[in-house]
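UniProt numbering numbers the first residue of the sequence shown as 1 and each following residue consecutively. Yeah, the Cβ is synthetic: ideal placement off N, Cα and C, and Gly gets one too. This report concerns only the one structure given below.
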Amino acid sequence: MLDLLLVYVTKSGNTRLVAEAIADGARSMGLEARAADLRDIETADILGADVVAIGSPTYEQRMLPLIEKLIDSLDSKKCRGKPGIAFGSYGWSGEAPIFIAKRMRELGFDVLDPVMRVQYKPNDKDIEACERLGKDIALKLKSLTRRT
Ligand SMILES: Cc1cc2nc3c(=O)[nH]c(=O)nc-3n(C[C@H](O)[C@H](O)[C@H](O)COP(=O)(O)O)c2cc1C
């Protein structure tokens with residue numbers, strides 16, 4: 001079974017809620033999905049997943065340093081062509097997920113749209129949008145694997 005790993009950091013829990021809602025949506029369509037705090041996983045887990053989602057909230061117009069470090073540590077040879085997603089909660093400017101998507105593209109990930117940005121704590125509509133993204137990822141992967 002294909003698997004999606006959503007790795008994130010969060011200070012007040014909002015980005016975790018985004019990750020969990022995307023994971024719920026993906027699971028509802030038969031994808032194996034796990035949302036994990038960066039501190040609980042190894043880089044090998046990330047490179048071993050079929051789809052990788054990376055999330056950070058925006059603080060001081062940036063992603064959190066731990067996520068930046070993780071991205072810097074990834075070997076582009078192992079990321080090339082892998083479907084990727086960027087996400088995160090923000091307050092007013094929301095740069096982090098956009099920077100994450102850019103860095104993931106530079107590493108060779110095939111970054112899927114949309115970059116998921118949620119303002120502060122996700123409300124019911126945001127949760128629905130995140131679940132929909134998870135479902136769309138699952139559908140896209142199914143169609144990709146059917147073609148190969
Ligand atoms: C000290 C501080 C700096 C912040 N800087 C930004 C910022 O530059 N841009 C922005 O969009 N939001 C900013 N925020 C808002 C956070 O991104 C927002 O509260 C987000 O929901 C936090 O997500 P988390 O719960 O995953 O940590 C800031 C919040 C704090 C407390």
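Pick out every residue whose C-beta is nearer than 6 Å to a heavy atom of ligand 1: which are they, in chain order? Counting every residue whose Cβ lies closer than 6 Å to a heavy atom of ligand 1, we get 10, 11, 12, 13, 14, 15, 57, 58, 59, 60, 61, 89, 90, 91, 92, 93, 94, 120.
With which residues is residue 119 paired in a DSSP beta bridge? Taking the sequence shown and counting its residues from 1, one reaches residue 119 at position 119. In the DSSP output, where bridge partners are listed per residue, residue 119 has 90.
Within 8 Å, do at least three Cβ pairs link the stretch 81 to 97 to the stretch 35 to 44? At 8 Å Cβ cutoff, the stretches do not touch.
Do the CB positions of residue 22 and residue 95 come within less than 9 Å of each other? Position 22 of the sequence shown, counting from 1, holds the residue named residue 22. Position 95 of the sequence shown, counting from 1, holds the residue named residue 95. Cβ distance not < 9 Å, so residue 22 and residue 95 don't count as in contact.
Counting only the same chain and skipping the five closest in sequence on each side, list residues whose C-beta sits under 6 Å from that of residue 111. Taking the first residue of the sequence shown as 1, we reach residue 111 at position 111. In the same chain as residue 111, and ignoring 5 residues on each side of it, the C-beta atoms closer than 6 Å to its own belong to 84, 101, 104, 105, in chain order.
Quick check: what's the CA-CA separation for residue 33 versus residue 140? Within the sequence shown, the letter at position 33 stands for residue 33. Within the sequence shown, the letter at position 140 stands for residue 140. CA-to-CA, the gap between residue 33 and residue 140 works out to about 15 Å.
Mind the definition here: the stretch 113 to 124 touches the stretch 64 to 71 only if three or more C-beta pairs lie below 8 Å; say whether that holds. Too few Cβ pairs lie closer than 8 Å, so no.
Starting from the C-beta of residue 49, find all residues in its chain whose C-beta is less than 7 Å away, skip the five residues before and the five after it, and write them out in chain order. For the purposes of this step, residue 49 is taken as the residue at position 49 of the sequence shown. Exclusion of the five residues before and after residue 49 leaves 3, 4, 5 as the residues of its chain whose Cβ lies within less than 7 Å of its Cβ.
Output the residue ranges of the beta strand (DSSP E) runs that lie fully inside the UniProt domain "Flavodoxin-like" (4 to 138) and measure 3 residues or longer, sorted by chain position. As far as the UniProt domain "Flavodoxin-like" (4 to 138) is concerned, its whole beta strand (DSSP E) runs of at least 3 residues are 32 to 37, 51 to 55, 83 to 90, 116 to 119.
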